[in-house]
Every structure is written in structure tokens, then in C-alpha cells.
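Have a look at the structure below, then the notes.
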Amino acid sequence: MWMTYGEAATAREAIGSGLRYHGLDKGACVGAYFINRPEWLIVDHACAAYSYISVPLYDTLGPDAVKFVVNHADVQAIFCTPETLNTVVGGVDENLPLLPSSGVKLISYLKLIGEGRSSLQPFIPPKPEDVATICYTSGTTGTPKGVVLTHGNLIASVAGSSLSIKFNCSDIYISYLPLAHIYERTNQISAVYYGVAVGFYQGDSLKLMDDLAALRPTIFCSVPRLYNRIYDGITAAVKTSGALKEKLFNAAFNSKKQAIMSGRTPSPMWDRLVFNKIKAKLGGRVRLMGSGASPLSPDVMDFLRVCFGCQVLEGYGMTETSCIISIMDEGDNLSGHVGSPNPACEVKLVDVPEMNYTSEDQPFPRGEICVRGPTIFQGYYKDQTQTGEVIDEDGWLHTGDIGLWLDGGRLKIVDRKKNIFKLAQGEYIAPEKIENVYTKSRFVGQCFVYGDSFNSSLVAIVSVDPDVLTEWATSQGIKADDLGRLCNDLRARAAVLADMDSIGREAQLRGFEFAKAVTLVPEPFTLENGLLTPTFKIKRPQAKEYFAKAITDMYDELSASEHGTPTSKL
1 MWMTYGEAAT AREAIGSGLR YHGLDKGACV GAYFINRPEW LIVDHACAAY
51 SYISVPLYDT LGPDAVKFVV NHADVQAIFC TPETLNTVVG GVDENLPLLP
101 SSGVKLISYL KLIGEGRSSL QPFIPPKPED VATICYTSGT TGTPKGVVLT
151 HGNLIASVAG SSLSIKFNCS DIYISYLPLA HIYERTNQIS AVYYGVAVGF
201 YQGDSLKLMD DLAALRPTIF CSVPRLYNRI YDGITAAVKT SGALKEKLFN
251 AAFNSKKQAI MSGRTPSPMW DRLVFNKIKA KLGGRVRLMG SGASPLSPDV
301 MDFLRVCFGC QVLEGYGMTE TSCIISIMDE GDNLSGHVGS PNPACEVKLV
351 DVPEMNYTSE DQPFPRGEIC VRGPTIFQGY YKDQTQTGEV IDEDGWLHTG
401 DIGLWLDGGR LKIVDRKKNI FKLAQGEYIA PEKIENVYTK SRFVGQCFVY
451 GDSFNSSLVA IVSVDPDVLT EWATSQGIKA DDLGRLCNDL RARAAVLADM
501 DSIGREAQLR GFEFAKAVTL VPEPFTLENG LLTPTFKIKR PQAKEYFAKA
551 ITDMYDELSA SEHGTPTSKL
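Heads up: the sequence shown is residues 1 to 570, going by UniProt numbering.
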């Protein structure tokens with residue numbers, strides 16, 4: 001059932017007036033703690049119309065972090081659902097002193113709208129420099145950081161990117177990425193600016209394909225993790241379709257790809273014979289796919305362009321830059337980059353000599369990506385120290401990402417300056433924190449946790465405690481006279497991983513922080529083998545190179561198990 005822009009505007013005014021009716025003053029923080037649905041946007045726009053500050057909350061923060069955010073941001077009102085209400089109210093007395101149980105009012109959404117309609121208040125338009133939202137990052141070392149963004153920040157980001165990508169009022173967009181994340185937030189601002197129709201998924205990611213078939217969107221924005229699944233699903237289906245159909249698909253794919261890359265219009269015959277059935281999986285009308293949050297493999301990008309016959313554009317950004325730092329232009333069929341800089345900001349590369357990245361590198365200059373301009377956040381809420389660590393005295397935000405300039409002013413991400421990295425689904429990982437947890441396992445002497453933006457799970461290299469592993473093997477009737485052979489025993493690997501899982505659960509690691517595969521090695525990490533610094537910290541780039549084969553083997557095993565392919569490695 002569709003809601004018109006006029007109906008949404010009426011609800012926005014009622015919600016804003018309802019908050020005023022209950023005494024919320026201009027500048028008060030208002031939380032939104034529920035999954036994507038029309039009410040999320042209505043509340044967000046009501047906050048903008050009446051100069052409230054919206055504070056999105058999302059489940060992956062965890063209950064303790066949600067309570068921290070509510071207190072840290074001095075949230076005065078929270079919009080939630082029955083599913084999230086328990087998290088909020090459950091900690092009122094102990095963890096939310098700003099919301100004492102005697103003073104908490106529970107008001108239904110419909111009642112608030114009714115109260116607002118009966119006492120409509122004039123808008124209180126914000127100024128560009130007024131704070132629009134405080135977005136709390138998922139937190140890589142424990143405590144979430146509140147990113148303060150003004151209305152001017154958000155508008156600058158969207159206005160700049162609108163020069164590269166054009167929506168229109170006949171477009172239909174499906175909203176399923178978390179609205180608490182800046183990626184989806186800016187997509188929604190763009191959609192409203194252009195008058196796009198926005199449909200919302202049911203709330204169950206397992207039914208997303210059903211939602212796509214029903215809504216038939218023209219714009220689909222997602223993350224590499226889902227695109228990788230689509231790619232894997234199609235390629236697996238082709239391989240099991242029979243020799244004749246596989247040959248037809250490959251001929252169609254190669255012909256269409258060659259036409260696209262050379263700027264020619266592909267033959268419609270291939271769509272009729274092969275690709276229209278694939279297009280129907282997303283509703284059959286997608287003209288534009290967007291990808292963000294982590295790098296999309298060039299092979300997958302080209303595959304999507306061919307199979308779905310649409311533009312596939314990748315962007316790069318972060319919460320601290322109001323999302324968009326760079327984005328591909330429509331019509332750019334070159335893959336393996338994240339486009340040119342958003343016209344609303346400046347981008348430069350700064351030498352990182354300790355990692356051998358400099359502006360003199362050939363054939364392309366390389367360095368840390370730094371950004372400046374009206375899209376840059378105002379700072380971390382109540383934390384000038386951390387703000388000063390990322391914004392220098394000249395106003396440049398240091399992203400911690402390493403990039404290089406390709407021809408045409410295109411930016412390519414090649415490395416990460418800090419140890420923190422993202423998985424394919426966009427979740428940040430602080431490996432040292434996880435390693436510290438796993439070293440509590442009785443089997444683990446030392447641990448190196450690895451992940452990257454092309455994979456959705458972590459793997460681990462464990463230098464075992466030889467005495468413990470040998471004792472365990474003996475108790476299981478497993479020959480233990482050769483430690484190297486024992487480390488390669490699948491039963492030993494399974495036992496160590498199970499113990500690590502148990503330790504991880506005790507430490508309340510989040511699901512994506514668990515290693516999904518482990519390789520056991522008999523030798524320790526030392527200064528002599530180049531894996532430790534003089535202060536006995538793991539040299540991560542060196543460890544990645546040293547264990548490259550083991551890492552590749554583990555991801556191959558995981559991929560094989562996901563597709564039901566038996567593996568007999570080791």
C-alpha cells in the first residue's frame with residue numbers, strides 16, 4: 001500500500017507537533033530504534049522540520065551499547081517497536097538514569113499523531129550549521145563514537161553526488177539496508193529530493209528476493225556480500241544446468257560483455273534467450289545498482305552489468321564524511337575503482353613512508369586518503385581527543401585508507417593504514433581485540449586473526465601450546481609424536497576451533513567476530529621469523545604474506561562447504 005508524499009508530509013507535521021506537545025524543545029535528541037519502515041523516514045523528517053536531532057539506533061550495537069548511546073546523547077524520546085522496547089525499558093533503572101522509571105511515558109505512534117494533529121505547531125526550520133543527526137559508529141574497540149553531522153553536511157554530500165547519479169520521479173527504490181547507517185540514510189535523502197517512490201522490505205532478509213519480485217524496483221543499492229551471493233548463486237546454477245545450457249550462457253555472457261566494454265549496444269537476442277530470466281529475480285526493471293560499504297570485486301561488477309543489463313556503480317565513503325567521498329559516474333564501465341571525488345569535497349593522498357606508499361609511486365601516486373570540505377563532520381560527540389586524532393589543523397580528515405589515483409581522476413582503494421578493517425558486509429573488525437579473546441583458549445599460544453573486504457567471515461592462524469594439544473590428542477587416542485602432523489589433523493583443528501568458539505561466547509563476541517576456520521601451526525610467532533615487532537606485537541602485513549597459502553586454503557574450504565562441495569584438504 002503506497003503513501004503519497006502529501007500524506008507523509010501530513011504525518012511528519014503531526015509527529016513533530018506531537019513531540020512539541022510533550023514538551024520537547026528545539027535541539028532535543030530523538031532516537032529511532034526499529035528496522036526500515038515508512039515511520040522511520042517520517043520521524044526523521046519530523047526531526048528536521050522541528051529542529052530536533054535524530055539519533056539512529058541499530059541492533060548490531062548490542063544492548064549495552066544502545067544504553068550507552070541513549071545516555072551519551074541525552075536522548076529525550078525514543079521511537080521503537082515491541083521488539084526493541086524491551087531493550088530500552090529493561091535497562092531503565094540500572095543503566096538509563098536519565099530515564100527514571102517513574103518518568104517514562106509510553107505513547108503509541110497513533111496516539112502521538114492524534115495529539116499532534118489536535119495541536120499543530122509551525123515548523124522550526126533548522127539552519128545549515130545546525131546539528132541534524134548524531135550517528136554512532138558500530139565501535140571497533142568497545143565504546144561507540146557519535147559522529148555529529150549538520151544539515152549542511154548531509155545536503156552537501158547528496159548535492160555533490162547528484163552530479164554523478166540522477167534519480168527521477170518515476171524510479172522505485174527498495175529500502176532494506178539499515179537506515180541507521182549513513183549509506184542508506186543518504187540514499188533516502190536523494191530519493192526524497194528526486195521524488196522517488198520508496199518501498200520497504202518485510203523486515204526478513206531471507207524474504208528479500210520475494211520483496212524484490214513484488215516491488216520490481218528500478219534502483220537497487222546493496223553491499224558486496226549480497227552481490228557475491230547473487231554471483232555465486234547464478235554461477236552455481238549455470239554449472240549444474242547441463243552442458244548445452246552452460247555453453248549457451250557462456251556464449252551470451254562473453255558476447256554481451258564485449259559489447260558493453262566497447263560501448264556498443266548488446267544484441268537483444270541474448271536477453272531474450274538467457275538474461276531476462278535472471279533479471280526477473282530482481283523484478284525485471286532494475287536500471288541502476290549501487291554498491292558501497294566495502295569493495296566490490298571487478299569480476300562480480302562486470303558479471304552484474306552483463307546479467308542484469310544495468311548500470312552498476314560503486315562509491316566510497318564513511319560516516320565522518322556524510323557518506324560520499326567518491327562515486328562512479330553513470331556510463332563508466334571500468335571496474336576496480338570507486339569513482340572520482342564528490343564535487344562537494346577535496347581529496348588528496350598523503351605519503352605513508354612506513355608502508356612504502358608515496359605520491360612519487362609509479363605508475364600511479366599512492367597514499368592515505370584525506371578529505372576536506374563541507375561534507376566533513378563536526379567532530380565526535382563529547383570527544384575532542386578522538387576528533388583531533390582524525391582531523392588535522394588544516395581541516396583534513398585522515399581516513400586511514402590507502403588509495404591511488406588512476407587515469408581520469410578515478411580513486412582506487414588498495415590498503416588500510418590502521419589495523420581496523422571491514423568485512424564484505426561492511427562490519428568493522430578490530431582484530432587485536434579478538435586475538436586477545438582467543439588467546440584465553442588453553443590450546444592457543446598466539447593467534448593471528450585475518451579478514452578482508454572481499455570475504456564475509458574471519459579466519460585464524462593459531463600457534464598452538466604444544467603441551468596442551470599433545471595431551472588432548474593422547475586423551476583422544478590420536479597419535480601425537482609429530483606436532484606438525486597433529487596440527488594438520490582435522491580433529492585437532494575442530495577441537496581448537498570449538499574451544500575458541502566457547503571462549504568467544506563467554507567474551508560476548510558478536511557473530512561476525514568469530515573465526516570460521518582455523519589453521520594450526522607448531523612454530524611460535526617470533527622476532528626471528530619476522531612476525532613480531534620489538535614490542536611483541538604481530539606484524540600484520542608480514543603475517544598476511546607469511547601465511548598467505550593457509551589463508552587462501554581456509555577461504556577455499558569455507559566456500560566449498562557453503563556450496564555443499566566436499567573437501568579433503570590436509
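All residues carry an ideal CB built from backbone N, CA and C; glycine is no exception.
Would the segment 406–417 and the segment 184–191 be scored as touching if the rule is three or more Cβ pairs under 8 Å? As far as the Cβ criterion goes, the segment 406–417 does not touch the segment 184–191, which means the pair count is below three.
Kindly indicate which residue of Leu423, Leu334 and Ile35 has the alpha-carbon position closest to the one of Ala293. Mapped onto the sequence shown, residue 293 falls at position 293. Answer by Cα proximity: Leu423.
Inter-residue Cα distance where the pair is Tyr193 and Pro178: The sequence position of residue 193 within the sequence shown is 193, counting from 1. The sequence position of residue 178 within the sequence shown is 178, counting from 1. Cα-Cα distance, rounded: 20 Å.
Within the same chain, show all residues whose beta-carbon is closer than 8 Å to that of Tyr546, passing over the 5 residues directly before and after it, in chain order. Here the question's residue 546 lines up with position 546 in the sequence shown. If we look at Tyr546 and ignore the five residues flanking it on each side, its Cβ neighbours are Asn529, Gly530 and Leu531.
Cβ-based burial, Thr240 [other Cβ within 10 Å; buried from 16]: As a working mapping, residue 240 is identified with position 240 in the sequence shown. The residue is exposed, with fewer than 16 neighbouring Cβ atoms inside 10 Å.
So, do the segment 127–135 and the segment 144–154 have three or more beta carbon pairs nearer to each other than 8 Å? Yes: at least three Cβ pairs fall under 8 Å.
Can you find a CB in chain B that lies within less than 8 Å of the CB of Val147? Here there is only one protein chain, and chain B is not present.
Just verifying my parser: in three-state terms, what is the DSSP assignment at Thr141? Your numbering for residue 141 matches position 141 in the sequence shown. Because Thr141 carries a pLDDT of 42, less than 50, the predicted location of this residue cannot be relied on, and the following value inherits that uncertainty. Residue state for Thr141 is assigned as coil, using DSSP reduced to three classes.
For Cys80, which of Trp40, Gly27, Asp74 and Lys127 has the nearest alpha-carbon? To locate residue 80, count along the sequence shown from 1; it is residue 80. The residue from Trp40, Gly27, Asp74 and Lys127 with its alpha-carbon nearest to that of Cys80 is Trp40.
Within 8 Å, strictly: CB atoms of Tyr438 and Met500: On the sequence shown, position 438 is the one that residue 438 refers to. On the sequence shown, position 500 is the one that residue 500 refers to. Cβ distance < 8 Å, so Tyr438 and Met500 count as in contact.
Classification of Gly426 by the beta-carbon crowding that lies within 10 angstroms, buried from 16 upward: For the purposes of this step, residue 426 is taken as residue 426 along the sequence shown, with counting starting at 1. Gly426 comes out buried.
Applying the 10 Å Cβ sphere with the 16-neighbour rule, what's the burial state of Ala237? As a position in the sequence shown, residue 237 is number 237, starting the count at 1. With a 10 Å radius around the Cβ and a threshold of 16 neighbouring Cβ atoms, Ala237 comes out exposed.
Which of the three DSSP states is assigned to Arg416 in this structure? Numbered from its first residue, the sequence shown carries residue 416 at position 416. Correct three-state label for Arg416: strand.
Let me check understanding here. Comparing Cα to Cα, which of Gly395, Phe454 and Gly290 lies closest to Cys221? The count along the sequence shown starts at 1 and reaches residue 221 at position 221. Closest option to Cys221, Cα to Cα, is Gly290.
For my contact list, residue 598 and Tyr450 are in at a C-beta cut-off of 8 Å; report their separation, rounded to the angstrom. In the structure as shown, the chain begins at 1 and stops at 570. Residue 598 is therefore absent and cannot be evaluated.
So what does DSSP say about Gly317, is it helix, strand or coil? Within the sequence shown, residue 317 is the residue found at index 317, counting from 1. Gly317: strand per DSSP, three-state reduction.
Does Gly6 come out as helix, strand or coil in the three-state DSSP assignment? On the sequence shown, position 6 is the one that residue 6 refers to. It is helical.
Below 6 Å CB to CB, which residues in the same chain sit around Ile219 once its five sequence neighbours on both sides are set aside? Counting from 1 along the sequence shown, the entry for residue 219 is found at position 219. When the five nearest sequence neighbours on each side are left out, the beta carbons in the same chain lying within less than 6 Å of the beta carbon of Ile219 are those of Asp171, Tyr173 and Leu288, in order along the chain.
What is the DSSP secondary structure of Cys47, reduced to helix, strand or coil? Working through the sequence shown from its first residue, we reach residue 47 at position 47. Here Cys47 sits in helix by DSSP.
Grab me the residues of Phe123's own chain with a C-beta within less than 6 Å of its C-beta, minus the 5 sequence neighbours each way, in chain order. Position 123 of the sequence shown, counted from the first residue, corresponds to residue 123. Around Phe123: Ala49.
Same chain, Cβ closer than 6 Å to Glu115, neighbours up to 5 away in sequence not counted: On the sequence shown, residue 115 is found 115 positions in, with the first residue counted as 1. Excluding five sequence positions before and after Glu115, the CB atoms of its chain that fall closer than 6 Å to its own CB belong to Gly18 and Tyr21, given in chain order.
With respect to the beta strand (DSSP E) encompassing Arg285, which residues constitute its N-terminal and C-terminal limits? In the sequence shown, the residue the question calls residue 285 occupies position 285. That residue, Arg285, is in no beta strand (DSSP E); it is neither H nor E in DSSP.
Check whether the segment 385–403 touches the segment 359–367, counting contact only when three or more Cβ pairs, one atom from each stretch, lie closer than 8 Å. The segment 385–403 makes contact with the segment 359–367, as at least three CB pairs between them are under 8 Å.
Taking all protein chains shown into account, do 16 or more other C-beta atoms lie within 10 angstroms of the C-beta of Cys487, making it buried, or fewer, making it exposed? Indexing the sequence shown from 1 puts residue 487 at position 487. Buried: at least 16 other Cβ atoms inside 10 Å.
If you check the beta carbons only, do Ser326 and Ile182 fall under 8 Å apart? Numbered from its first residue, the sequence shown carries residue 326 at position 326. Numbered from its first residue, the sequence shown carries residue 182 at position 182. Not a contact, by the Cβ cut-off of 8 Å.
Once DSSP output is grouped into helix, strand and coil, what is the label at Val30? In the sequence shown, counting from the first residue as 1, residue 30 sits at position 30. Reduced to three states, the DSSP call for Val30 is strand.
Return yes when the Cβ of His72 is within less than 8 Å of the Cβ of Tyr381, no when it is not. What you label residue 381 is simply residue 381 of the sequence shown in a count that begins at 1. What you label residue 72 is simply residue 72 of the sequence shown in a count that begins at 1. Cβ atoms of Tyr381 and His72: closer than 8 Å.
Taking the alpha carbon of Gly317 as the reference point, which residue from Gly309, Cys307, Ile503 and Met328 has its own alpha carbon closest? Reading the sequence shown from its first residue, position 317 is the one you call residue 317. Here the closest residue by C-alpha is Met328.
State buried or exposed for Gln446, treating a residue as buried only when at least 16 other CB atoms are found within 10 Å of its CB. The residue given as residue 446 occupies position 446 in the sequence shown. That one is buried.
Can you give the Cα-Cα distance for Ser475 and Arg493, rounded to whole angstroms? Taking the first residue of the sequence shown as position 1, residue 475 is located at position 475. Taking the first residue of the sequence shown as position 1, residue 493 is located at position 493. Computed Cα separation, rounded: 15 Å.
Val158 burial status per 10 Å Cβ neighbour count (16 or more: buried): For the purposes of this step, residue 158 is taken as residue 158 along the sequence shown, with counting starting at 1. With 16 or more other Cβ atoms within 10 Å, it is buried.
Per DSSP, which one or two residues make a beta bridge with Lys422? Within the sequence shown, the letter at position 422 stands for residue 422. DSSP, once it has assigned bridges, lists Tyr428 as partnering Lys422.
Rounded to whole angstroms, how far is the Cβ of Ser51 from the Cβ of Lys67, which I believe are closer than 8 Å? As a position in the sequence shown, residue 51 is number 51, starting the count at 1. As a position in the sequence shown, residue 67 is number 67, starting the count at 1. At roughly 26 Å, the Cβ-Cβ gap does not stay under 8 Å, so Ser51 and Lys67 are not in contact.
So Phe68 is in the alpha helix (DSSP H); what residue range does that whole segment cover? Along the sequence shown, one-based indexing puts residue 68 at 68. Segment Pro63 to His72, the alpha helix (DSSP H) holding Phe68.
Alpha carbon to alpha carbon, how far is Ser457 from Ala515? Give it in angstroms, no decimals. Numbered from 1 along the sequence shown, position 515 holds the residue referred to as residue 515. Numbered from 1 along the sequence shown, position 457 holds the residue referred to as residue 457. Going from the Cα of Ala515 to the Cα of Ser457 covers about 7 Å.
Measuring CB to CB, does Asn455 end up less than 8 Å from Arg540? As a first step, residue 455 must be located in the sequence shown, where it is residue number 455. As a first step, residue 540 must be located in the sequence shown, where it is residue number 540. Their beta carbons are not under 8 Å apart, which means Asn455 does not touch Arg540 by this criterion.
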